[in-house]
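A.B. asks:
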Ligand SMILES: NC(=O)c1ccc[n+]([C@@H]2O[C@H](COP(=O)([O-])OP(=O)(O)OC[C@H]3O[C@@H](n4cnc5c(N)ncnc54)[C@H](O)[C@@H]3O)[C@@H](O)[C@H]2O)c1
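Residue numbers (this note's numbering): -14 to 294.
Put into C-alpha cells, the structure is as follows:
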C-alpha cells in the first residue's frame, strides 16, 4: 500500500463545490488535511430554509473536523474567491476549476445568451480565478491547477455547441498554462469526467447514474492535485472508476510534392487515403513538433523558440 496522499497545510480552492463533483472533491481534500475554500453561487432549500450550498458543504466539513470556508461569489469574479482564500488561509496551493452550467440547445435554436452564459461561466470564469491565483503560485514556485473539460468538448455533442466550445477552450488554456508554469513548479492538467450529479440527472438514466458516483472521479483529482504529480498539460477522461489519458495522433503526412513543384488540390485529392491513415503512430506534443514536421518535408528552416515565462 503506498503512502496516503496528504494535503496538510495546503489551501485548496474548489469552484462550484456546493454540489456534485466539486462537493465530493471538497470533502475528500479536507479528509486529507487540506484547508478548503468551498465556492458556489447556488442556493439550497433545507428544512424550509433557503441557504447557500457552499455554506452547507463548509459546515459539514467543519463539523466533521476538517477546515473549510464558504465563498459565494460567481467565478466570473474569480479574484474575489482568491481574495477570500488569502484572507482566511494566506495562500493558494491547489485550484480546481469545476463550476459549470448547461444551456443545451441545438445550434440553429441557440441564441446569444445561451452562447454567452456558457462562455462566461466556463471559460471567462476559469480565466478570472486562475489569473488571480497565478501570480501567487509563481511567487510560491508551486501550484496545482485543474480545469474541467468534458467529452462533449473533446468529441462534440448534439445540442452542446456552446458548452463544447468552452470545454475545448479550457484545454487550450490549460495546455498553454502548463508550458508557462513549468519553470515555476506549477502543474496544470485537464479532466473530462462522467458522474452522477444534478447536471447529468436530466440527461442520463437513473440506472446508469447509480454506477457513476462522484467518488469514482475524486481519486484522479487527488492524484493530479498532489505535490507528487509530475504530469502537466495532460487531458484525462474519468468516470465509474475508469481513467485514461488522451493524446493527439497525426495521420500519415502527404508528401505529394513540394509547393514549388505545384502542390494542388487535385494532387492532394489523389493522396486522400494516405491522409486518412494512421500507420506511423506520430503523437505531436508541442507547437515546435508541427514546425519540425513541416521543415522536414519542405526543407524550409522553421526554428521557433518558446518565450520565457
Ligand atoms: N457530471 C458529469 O458527468 C460531467 C461531465 C462532463 C463535465 N462535467 C463538468 O464537471 C463540472 C462539475 O459538474 P457537476 O456534474 O458536478 O454539476 P453540478 O451542477 O452538480 O455542480 C456544478 C456547480 O457549479 C455551480 N456554479 C454554476 N455556476 C457558477 C458560477 N458562476 N460560480 C460559482 N459556481 C457556479 C453550481 O451552483 C453547481 O453547484 C462542471 O464544470 C461540468 O461541466 C461534468
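The beta-carbon is built from N, C-alpha and C at its ideal position, and this holds for glycine as well.
Under 8 angstroms, Cβ to Cβ, is there at least one residue of chain C near residue 86?
C.D. replies: Of the chains in the structure shown, none is chain C; there is only one protein chain.
A.B. asks: Would the beta-carbon of residue 188 fall within 8 angstroms of that of residue 134?
C.D. replies: no
A.B. asks: Report whether the distance from the Cβ of residue 260 to the nearest heavy atom of ligand 1 is below 7 angstroms.
C.D. replies: No, ligand 1 has no heavy atom inside 7 angstroms of this Cβ.
A.B. asks: May I ask whether a heavy atom of ligand 1 can be found less than 7 angstroms away from the beta carbon of residue 104?
C.D. replies: no
A.B. asks: Using a threshold of 8 angstroms, state whether the C-beta atoms of residue 234 and residue 172 are closer than that.
C.D. replies: no
A.B. asks: Using only the alpha-carbon positions, how far apart do residue 265 and residue 281 sit?
C.D. replies: 15 angstroms
A.B. asks: Excluding the 5 residues flanking residue -10 on each side, which residues of the same chain have their C-beta closer than 8 angstroms to its C-beta?
C.D. replies: 17, 207, 208, 211, 213
A.B. asks: Quick check: what's the CA-CA separation for residue 230 versus residue 98?
C.D. replies: 33 angstroms
A.B. asks: Is the beta carbon of residue 220 within less than 7 angstroms of some heavy atom of ligand 1?
C.D. replies: no
A.B. asks: Could you tell me which of 79, 72, -2, 80 sits nearest to residue 43, measuring between CA atoms?
C.D. replies: -2
A.B. asks: Can the beta-carbon of residue 136 be found closer than 8 angstroms to that of residue 195?
C.D. replies: no
A.B. asks: Report the rounded CA-to-CA distance for residue 76 versus residue 70, giving the unit in angstroms.
C.D. replies: 7 angstroms
A.B. asks: Evaluate residue 48 with the Cβ neighbour count: other Cβ atoms within 10 Å of its Cβ, from every protein chain shown; 16 or more gives buried, anything less gives exposed.
C.D. replies: exposed
A.B. asks: Could you tell me the alpha carbon to alpha carbon distance between residue 0 and residue 164, rounded to whole angstroms?
C.D. replies: 23 angstroms
A.B. asks: Would you identify the three-state DSSP class for residue 189, choosing helix, strand or coil?
C.D. replies: coil
A.B. asks: Does DSSP classify residue 122 as helix, strand or coil?
C.D. replies: helix
A.B. asks: Using the beta-carbon count (16 or more within 10 Å), is residue 143 buried or exposed?
C.D. replies: It is exposed - the Cβ of residue 143 has fewer than 16 other Cβ atoms within 10 Å.
A.B. asks: Give every residue of the same chain whose Cβ lies closer than 8 angstroms to the Cβ of residue 286, excluding the five residues on either side of it in the sequence, and list them in chain order.
C.D. replies: 280
A.B. asks: For ligand 1, is there any heavy atom lying closer than 7 angstroms to the beta carbon of residue 5?
C.D. replies: yes
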